[in-house]
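A.B. asks: Chains as they are written, first to last, in the numbering used here: chain G, 56 to 169; chain V, 33 to 146.
First the structure, then my questions, so here it is.
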């Protein structure tokens with residue numbers, strides 16, 4: 056089944072404890088991205104990657120890191136999480152950056168930072 | 033600043049009626065406009081897109097209309113069914129010298145009444 060998977064689905068952590076949210080897609084997509092979704096603010100793009108080893112900042116990259124060493128994986132790293140990073144995170148992929156408007160989203164990761 | 037907004041945060045319709053969900057955008061340089069459906073506890077699901085050089089596009093039971101003069105986007109759902117109950121997100125994509133930028137609206141919740 057073609058899908059985007061994220062792990063973990065739920066995470067509660069404390070301020071300053073490094074964490075990684077994994078994202079994997081099995082559709083051989085070139086383009087992948089991370090979003091956060093907050094009430095009243097909509098989805099906001101954190102980082103995106105047009106292909107392996109190519110990453111770019113989105114609208115809200117502060118406090119996050121990403122890497123794209125393999126085509127299928129695009130982990131989101133929070134080196135020192137803070138409470139304002141409590142949010143619902145979505146990973147997404149599309150066949151190419153030209154087709155990035157047609158994104159396939161993962162199920163989401165709900166992160167709480169205390 | 034750039035924004036994608038919504039005229040109505042909630043919409044209730046009778047089963048079988050047509051639904052119209054509206055969205056305003058502000059970036060005249062956007063090249064694609066997209067509608068997503070987000071069911072409770074799930075990631076957004078791509079519904080339909082429209083390129084900026086078009087004013088209408090039809091899919092299965094859905095039609096998207098684009099009015100660039102007033103920067104307005106709408107999603108029409110024909111013969112609304114209970115399974116259409118969800119939050120509908122509009123988004124636009126713009127590409128500039130710095131990369132890609134997606135702007136999502138906060139969403140409209142559609143409730144289908146029996």
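Backbone N, C-alpha and C fix where the C-beta goes; we use that ideal spot for every residue, glycine too.
So, residue 143 of chain G versus residue 121 of chain V, is the Cβ gap smaller than 8 Å?
C.D. replies: Here residue 143 of chain G refers to the residue found at position 88 of the first chain. Here residue 121 of chain V refers to the residue found at position 89 of the second chain. Their beta carbons are not under 8 Å apart, which means residue 143 of chain G does not touch residue 121 of chain V by this criterion.
A.B. asks: Are three or more beta carbon pairs between the segment 39-51 of chain V and the segment 119-137 of chain G nearer than 8 Å?
C.D. replies: No, the segment 39-51 of chain V does not touch the segment 119-137 of chain G.
A.B. asks: Is residue 100 of chain G close to chain V? Criterion is C-beta to C-beta, closer than 8 Å.
C.D. replies: For the purposes of this step, residue 100 of chain G is taken as the residue at position 45 of the first chain. It does: the Cβ of residue 100 of chain G has a partner Cβ on chain V nearer than 8 Å.
A.B. asks: Which residue marks the beginning of the beta strand (DSSP E) containing residue 104 of chain V, and which one marks its end?
C.D. replies: What you label residue 104 of chain V is simply residue 72 of the second chain in a count that begins at 1. Unbroken beta strand (DSSP E) run through residue 104 of chain V: 104-109.
A.B. asks: Taking residue 157 of chain G as the query, report the chain V residues whose CB atoms sit under 8 Å from its CB, ordered along the chain.
C.D. replies: Along the first chain, read from residue 1 onward, the residue named residue 157 of chain G stands at position 102. Here the neighbours are 66, 78, 81.
A.B. asks: In or out: residue 39 of chain V buried (at least 16 other Cβ within 10 Å) or exposed?
C.D. replies: Counting from 1 along the second chain, the entry for residue 39 of chain V is found at position 7. Note that residue 39 of chain V scores 46 on pLDDT, short of 50, meaning its location in the model is unreliable; the coordinates nonetheless yield the value given after this. Flag for residue 39 of chain V reads exposed.
A.B. asks: Please report the straight-line C-alpha distance between residue 156 of chain G and residue 65 of chain G, rounded to a whole angstrom.
C.D. replies: Translated into the one-based positions of the first chain, residue 156 of chain G becomes position 101. Translated into the one-based positions of the first chain, residue 65 of chain G becomes position 10. So the two alpha carbons sit approximately 27 Å from each other.
A.B. asks: Identify the continuous beta strand (DSSP E) that holds residue 167 of chain G and give its terminal residues.
C.D. replies: If you number the first chain from 1, residue 167 of chain G lands on position 112. It spans 164-168 - the beta strand (DSSP E) in which residue 167 of chain G sits, taken as one unbroken run.
A.B. asks: Taking all protein chains shown into account, do 16 or more other C-beta atoms lie within 10 angstroms of the C-beta of residue 102 of chain V, making it buried, or fewer, making it exposed?
C.D. replies: Counting from 1 along the second chain, the entry for residue 102 of chain V is found at position 70. The residue in question, residue 102 of chain V, is exposed, as its Cβ has fewer than 16 Cβ neighbours within 10 Å.
A.B. asks: For the segment 123-135 of chain V and the segment 87-100 of chain V, state whether three or more C-beta atom pairs, one from each stretch, are separated by less than 8 Å.
C.D. replies: Not touching, per the Cβ criterion.
A.B. asks: Which residues of the segment 86-112 of chain V have a Cβ closer than 9 Å to any Cβ of chain G? Give them in chain order.
C.D. replies: Those would be none; no residue qualifies.
A.B. asks: Out of V:75, V:69, V:99, state which residue places its alpha-carbon closest to the alpha-carbon of residue 82 of chain V.
C.D. replies: If you number the second chain from 1, residue 82 of chain V lands on position 50. Closest by alpha carbon: V:99.
A.B. asks: Could you check where the beta strand (DSSP E) with residue 142 of chain V kicks off and where it finishes?
C.D. replies: Walking along the second chain from the start, residue 142 of chain V turns up at place 110. Note, residue 142 of chain V: beta strand (DSSP E), 140-145.
A.B. asks: Under 8 Å between beta-carbons, which chain G residues line up against residue 121 of chain V? List them in chain order, please.
C.D. replies: On the second chain, position 89 is the one that residue 121 of chain V refers to. Within 8 Å Cβ-Cβ: 97, 98.
A.B. asks: Going by the CB atoms, is the gap between residue 67 of chain G and residue 167 of chain G shorter than 8 Å?
C.D. replies: Residue mapping note: residue 167 of chain G aligns to position 112 of the first chain, counting from 1. Residue mapping note: residue 67 of chain G aligns to position 12 of the first chain, counting from 1. Yes; because the gap between Cβ atoms is below 8 Å, this pair is in contact.
A.B. asks: What separation, rounded to the nearest whole angstrom, lies between the Cα atoms of residue 109 of chain V and residue 119 of chain G?
C.D. replies: Residue 109 of chain V sits at position 77 when you count from the first residue of the second chain. Residue 119 of chain G sits at position 64 when you count from the first residue of the first chain. Looking at the two C-alpha atoms, the distance is approximately 38 Å.
A.B. asks: Can you say whether residue 123 of chain G is buried or exposed, counting buried as having 16 or more other CB atoms within 10 angstroms of its CB?
C.D. replies: Position 68 of the first chain, counted from the start, is the residue given in the question as residue 123 of chain G. Burial call: buried.
A.B. asks: Relative to the C-alpha of residue 116 of chain G, which candidate in G:128, G:107, G:108, G:103 has its C-alpha closest?
C.D. replies: As a working note, residue 116 of chain G is residue 61 in the first chain. Per the Cα distances, G:103.
A.B. asks: Whole beta strand (DSSP E) runs in the segment 119-168 of chain G with 3 or more residues, listed along the chain?
C.D. replies: Runs found: 131-133, 142-149, 164-168.
A.B. asks: Could you check whether the Cβ of residue 118 of chain G sits closer than 8 Å to any Cβ belonging to chain V?
C.D. replies: By 1-based counting over the first chain, the position of residue 118 of chain G is 63. No - not a single Cβ of chain V is within 8 Å of the one on residue 118 of chain G.
A.B. asks: Looking at the C-beta of residue 139 of chain G, does it have a partner C-beta in chain V at a distance below 8 Å?
C.D. replies: Counted from its first residue, the first chain places residue 139 of chain G at position 84. Taking Cβ atoms only, chain V never reaches closer than 8 Å to residue 139 of chain G, which makes this a no.
A.B. asks: Just to make sure I have the definition right: I need the residues of chain V whose C-beta is within less than 7 Å of the C-beta of residue 65 of chain G. Which are they?
C.D. replies: The residue you call residue 65 of chain G lines up with position 10 of the first chain. Correct list: empty, because the minimum Cβ distance to chain V is about 11 Å.
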